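Only one structure is covered here, and it is reproduced in the block below.
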Amino acid sequence: MTPAAGRPEPPRFLGHEALRASLRRSLARGTLPATVLIHGMPGCGKQSLALWLARTRLCSGADKPCGRCNSCRRALSLEHPDIHWHFPLPRPKRTSGPAKLAAALEDARFEKLAEFRKSPLRAEGDTEVKGIYLAAVLTIRDHAHRRPAVGEEQVFIIGDAEYLVPQEASPEAANALLKLLEEPPDGSRFILTSGRPGSLLDTIRSRALPIHLPPLPVEEVAAFLREECGADPEAAIRAAKLSQGSIGAAIGYLEPDGDQSRQRTRALDLLRAATGGRRADAYTAAAAFPPAGGRGLLGLMGALQLWIRDLGAASLGRDDQVVNVDELPFLRDTARRLALTPDRIARAVGQVEEASMLARGNVNPQLFMGTLLLDLEEILEPA
Ligand SMILES: [Zn+2]
């Protein structure tokens, strides 16, 4: 998978053929607005599509993106001077003053880009508190007002744009970006991506053409895992089903100690605690969480929702819809024992969804988990 030096290998797989064909046509006709928002579930390939779009726009070949011209080659190795890829980063420590912070963020960004270059397939876990800070937006603004380095246009990709307003940043970052999107400088194009477009400011959302990226079909994810990660067919299909159409998540499920695999196990423990019929289990499970530092809670909530959905499928006898197939006997037993109904499953899923919104803020994981488990217990195991 590592491309030979100076000869980057185009990614063999991107999926979403029809969508890409229509974007290519809009670009060729010049009808694609200067600002677009690619949204879809985490890991479904939003940033890959954004990079592809940037590459297509800047390609100087005939069949865009040709993958062979100078522009394509620099873009593929993430070294194109007119493609500015920004994403949430942890706040650099021990920096004071806006200029120093901006410089430190740029250093961190280049470091991250170097990592992507080395292992483009590595799945990202949400283990750190990150943000797109005002300083980063001001860097973007400065660049956007300069002329492109080589071509006639430059492309700014702002990945996971909902991090523009994280709990510890001010809305200033979002407002500064808003100003830029209101009057985009000539020759600047913006591609935002978001897994939670509802968390973006309305004013930002309304200035971007939304492009929805649907989850990939299970077969396509499995094919990717086989071809690009060398997974055996059985493991590939299992991870693909669990991933819900997200390549990023599927890679995490492929490795037994991958982020997703670990979260799946932890979420199962939580479900067991909430359905075991012993209130003390819920307290014990919650007490295992630290009182501060809610890192990774969001991913855990996603995994828990998947388990509850599986419980619902098992309660309806729809084993074919269960994704955690290895635990089918437990799911069936639990569904039967608790006489679960679709209504209670829906309420439990909604409860976890609500908790996910909270988990984005600054929560005490121990209290958070204790409350959630007791709520779930009440829904799933009514006295
Ligand atoms: Zn090209």
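Numbering of the sequence shown is given in my numbering, commencing with residue 6 and proceeding in unit increments.
All C-beta atoms in this analysis are idealised placements derived from N, C-alpha and C, irrespective of residue type, glycine included.
From a predicted model like this one, the values you see are computed outputs, not experimental measurements.
Distance, residue j Cα to residue i Cα
i           : j           : result
residue 358 : residue 306 : 8 angstroms
residue 115 : residue 376 : 41 angstroms
residue 340 : residue 54  : 40 angstroms
residue 77  : residue 101 : 38 angstroms
residue 242 : residue 329 : 12 angstroms
residue 343 : residue 350 : 11 angstroms
residue 135 : residue 111 : 14 angstroms
residue 150 : residue 123 : 31 angstroms
residue 270 : residue 311 : 12 angstroms
residue 179 : residue 272 : 33 angstroms
residue 230 : residue 256 : 7 angstroms
residue 372 : residue 356 : 15 angstroms
residue 320 : residue 331 : 16 angstroms
residue 279 : residue 379 : 7 angstroms
residue 368 : residue 95  : 18 angstroms
residue 275 : residue 308 : 10 angstroms
residue 24  : residue 44  : 13 angstroms
residue 346 : residue 361 : 23 angstroms
residue 36  : residue 244 : 39 angstroms
residue 197 : residue 188 : 16 angstroms
residue 161 : residue 297 : 35 angstroms
residue 382 : residue 90  : 44 angstroms
residue 47  : residue 34  : 30 angstroms
residue 209 : residue 84  : 28 angstroms
residue 164 : residue 99  : 25 angstroms
residue 238 : residue 113 : 37 angstroms
residue 384 : residue 205 : 31 angstroms
residue 295 : residue 374 : 10 angstroms
residue 185 : residue 363 : 30 angstroms
residue 117 : residue 138 : 16 angstroms
residue 32  : residue 73  : 19 angstroms
residue 277 : residue 336 : 10 angstroms
residue 148 : residue 70  : 24 angstroms
residue 79  : residue 293 : 47 angstroms
residue 324 : residue 352 : 21 angstroms
residue 281 : residue 49  : 34 angstroms
residue 176 : residue 88  : 25 angstroms
residue 233 : residue 266 : 19 angstroms
Residue(s) in a DSSP beta bridge with residue i
i           : result
residue 90  : 162
residue 136 : 94
residue 373 : Partner(s): none; residue 373 has no beta bridge.
residue 217 : 44
residue 199 : 44
residue 194 : 160
Cβ neighbour criterion (16 or more within 10 Å) applied to residue i
i           : result
residue 246 : buried
residue 104 : exposed
residue 51  : buried
residue 326 : exposed
residue 211 : exposed
residue 199 : buried
residue 20  : buried
residue 67  : exposed
residue 56  : buried
residue 27  : exposed
residue 214 : exposed
residue 166 : buried
residue 289 : exposed
residue 75  : exposed
residue 202 : buried
residue 314 : buried
residue 317 : buried
residue 370 : buried
residue 235 : exposed
residue 304 : buried
residue 334 : exposed
residue 119 : exposed
is_contact[residue i, chain B] using C-beta, thresh 8 angstroms
i           : result
residue 333 : Any reference to chain B falls outside this structure, which holds one protein chain only.
Query raised in the report: Is there contact between the region 238-255 and the region 208-225, where contact requires at least three CB pairs shorter than 8 angstroms?
Result: Enough Cβ pairs lie closer than 8 angstroms, so yes.
Report task. Only counting runs of 4 or more residues, tell me where the alpha helix (DSSP H) segments fall wholly within the region 324-363, in order along the chain. Result -> 333-342
Query raised in the report: If you pair each beta-carbon of the region 143-163 with each one of the region 62-77, do three or more pairs fall below 8 angstroms?
Result: yes
Requested in this report: Indicate whether the contact test is met: 3 or more Cβ pairs, each with one atom in the region 223-232 and one in the region 187-205, closer than 8 angstroms.
Outcome: no
Requested in this report: Say whether the region 275-285 touches the region 258-265, bearing in mind that this needs 3 or more beta-carbon pairs closer than 8 angstroms, one atom from each stretch.
Outcome: They do not touch, by the three-pair rule.
Query raised in the report: Which ranges does the alpha helix (DSSP H) cover as unbroken runs of at least 4 residues, wholly within the region 246-303, from first to last along the chain?
Result: 252-259, 264-280 and 284-292
Query raised in the report: Quick one: complete beta strand (DSSP E) runs, 3+ long, within the region 24-76?
Result: Taking only runs of at least 3 residues, the beta strand (DSSP E) segments lying wholly in the region 24-76 are 40-44.
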